[in-house]
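A short write-up of the structure that comes next.
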Amino acid sequence: MKERVVTFALALAAFALFYTLMAPKPSAPQERVTRPISIEAGPNGHAALFRWLEAERVPVA
Numbered sequence: 104m105k106e107r108v109v110t111f112a113l114a115l116a117a118f119a120l121f122y123t124l125m126a127p128k129p130s131a132p133q134e135r136v137t138r139p140i141s142i143e144a145g146p147n148g149h150a151a152l153f154r155w156l157e158a159e160r161v162p163v164a
């Protein structure tokens, strides 16, 4: 009986470890969700991409 309890406890610990390592972690929420449009200056907008490419001296149209 003791062997079954130990086996169950180790299986439970293995499952907990697997869940801790493999479960997706929630990302930190943004202050304001931005939309990927051309005039949006937030982190998801195309204007930020345009500024980044210009800073890296990549020719953009």
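Numbers 104 to 164, taken from my numbering, label the letters of the sequence shown in order.
Cβ atoms here follow ideal geometry from the backbone N, Cα and C, with glycine treated the same way.
All values reported here derive from a predicted model rather than from experimental measurement.
_Separation of residue 141 from residue 159, as counted between CA atoms_ = 19 Å
*Please state whether DSSP places residue 107 in a helix, a strand or coil.*
helix
*Are residue 138 and residue 147 close, meaning C-beta to C-beta below 8 Å?*
yes
*What number of angstroms, rounded off, separates the C-alpha of residue 113 from the C-alpha of residue 129?*
27 Å
_For residue 138, the three-state DSSP class (helix, strand or coil)_ = coil
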